[in-house]
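For what it's worth, full-length UniProt numbering labels the leading residue of the sequence shown as 1, then goes sequentially.
Note that beta-carbon positions come from the ideal geometry of N, C-alpha and C, so glycine has one too.
For reference, the structure is listed below as structure tokens.
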Amino acid sequence: MQKTVSPVLRAKALDNRLPDPILGDKYAEQAMRRLDPDYDNRRFGTSQMGLAAVVRAKAHDDWARSFLADHPDAVVLHLGCGLDARVYRIDPPATVDWYDLDYPSIIELRQQFLPPREHYTLIGSSVTDLTWLDRIPRGRPVLMIAEGLVPYLTEADLRQLLTSVVDAFPTGQIQFDTVPVWAWRTSKWDPTLRKYDTQFHCGFNDPAALADWHPRLEYVDEAPMNDSPVLMAKAPANVRRMFRLLNLLPGMKRSTRIVRFRF
Ligand SMILES: C[S@@+](CC[C@H](N)C(=O)[O-])C[C@H]1O[C@@H](n2cnc3c(N)ncnc32)[C@H](O)[C@@H]1O
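If you want it as structure tokens, here you go:
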């Protein structure tokens, strides 16, 4: 299984145990327990430091809900979905067709852990093999969500993906998160990434400038993560203190940028 799935899933599972969760995702807790029954029983097993990733998920959910409210005929491309239960959290109307894409091994896990639903299709493929796009209905608004995926792509693959999606649909919203160049360059030494034997392949100091890759693409805005009001309002006091300290370090506040584009 792709190694980066479990830390985010674990963070979402632990969030669900807070008295007032940020995301409140019961599927994450169920899937995490099945993946690793002992996940909360080790050193730092219940640490809520992963809550920043939960904030990221919430920001993507909020943007997705608002796009789907305005475009109930949309198709959704949820790329690098991992075991994330976004389609169940958002529960779009039957007029929306939703596609969850990840590597075949992850899609197999999803089939074991998460229930099927109508107007919902799983695609087991690398996102970079763009033949999967041929399976998506055209002529409708598109919502592309890539949470925690972009840093694992090369810049060339990301560019090809974005321009192909814009070329394929009449209108849409594209939302993803990126890391800055320093985080990409130092990712080889990042202890968390090393633990999962992976590293980043791209980073951007000015993700808004990616709009220049296609004449129809326009940057919209950015959502906060490490200093987000929801994190400061809902995280346990020790986690809030830790983030306040971390955010004093240069670059930390924006060590992940959650960005939204439209076309
Ligand atoms: C950090 S996880 C995030 C999972 C999920 N989006 C979430 O936020 O819980 C990154 C995901 O991207 C997937 N991924 C990475 N490179 C990919 C590629 N080239 N094609 C498809 N999926 C990819 C991984 O398998 C993994 O599920």
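- Here residue 166 is near residue 263, since their CB atoms are less than 8 Å apart.
- The stretch 46-134 is shown to contain whole beta strand (DSSP E) runs of 3 or more residues at 75-79, 97-102, 120-124, in chain order.
- Counting only unbroken stretches of 3 or more residues, the beta strand (DSSP E) elements lying wholly within the stretch 142-199 are 142-146, 172-178, in sequence order.
- Annotation: the continuous alpha helix (DSSP H) that includes residue 27 extends over 26-35.
- In the displayed model, residue 13 falls within a helix according to three-state DSSP.
- For residue 211, there is no enclosing alpha helix (DSSP H), as DSSP marks it with neither H nor E.
- Only residues of its own chain outside the window of five on either side were considered, and among them 79, 80, 176 have a CB closer than 6 Å to the CB of residue 146, listed in chain order.
- For residue 204, the CB contacts under 6 Å within the same chain, skipping 5 residues up- and downstream, are 178 in chain order.
- For residue 257, the enclosing beta strand (DSSP E) covers residues 257-262.
- Rounded to whole angstroms, the gap between the alpha carbons of residue 72 and residue 60 is 17 Å.
- With fewer than 16 other beta carbons inside 10 angstroms of its own, residue 131 counts as exposed.
- By the Cβ rule, the stretch 215-222 does not count as touching the stretch 189-201, because fewer than three pairs are nearer than 8 Å.
- Each residue's CA atom was taken as its position, placing residue 62 and residue 91 some 13 Å apart.
- Non-local C-beta neighbours of residue 98 in its own chain, meaning closer than 8 Å and more than five positions away in sequence, comprise 75, 76, 78, 87, 92, 119, 120, 121, ordered along the chain.
- A residue is called buried when at least 16 other Cβ atoms come within 10 angstroms of its Cβ; residue 46 does not meet this threshold and is exposed.
- Excluding the 5 residues flanking it on each side, residue 231 has same chain C-beta neighbours closer than 7 Å at 51, 52, 55, 243, in chain order.
- Its Cα nearest to that of residue 127, the residue 164 stands out among 164, 226, 212, 13.
- The beta carbons of residue 83 and residue 42 sit no closer together than 8 Å.
- Excluding the 5 residues flanking it on each side, residue 155 has same chain C-beta neighbours closer than 6 Å at 202, in chain order.
- Using a cutoff of 7 Å, the CB of residue 9 counts as near ligand 1, since one of the ligand's heavy atoms is closer than that.
- Distances taken from the Cβ of residue 223 to the heavy atoms of ligand 1 include none shorter than 7 Å.
- Judged by beta-carbon spacing, residue 138 lies within the 8 Å limit of residue 168, meaning their Cβ atoms are closer than that value.
- Residue pairing by DSSP places residue 223 opposite 258 in a beta bridge.
- With a threshold of 16 other beta carbon atoms within 10 Å, residue 13 meets it and is buried.
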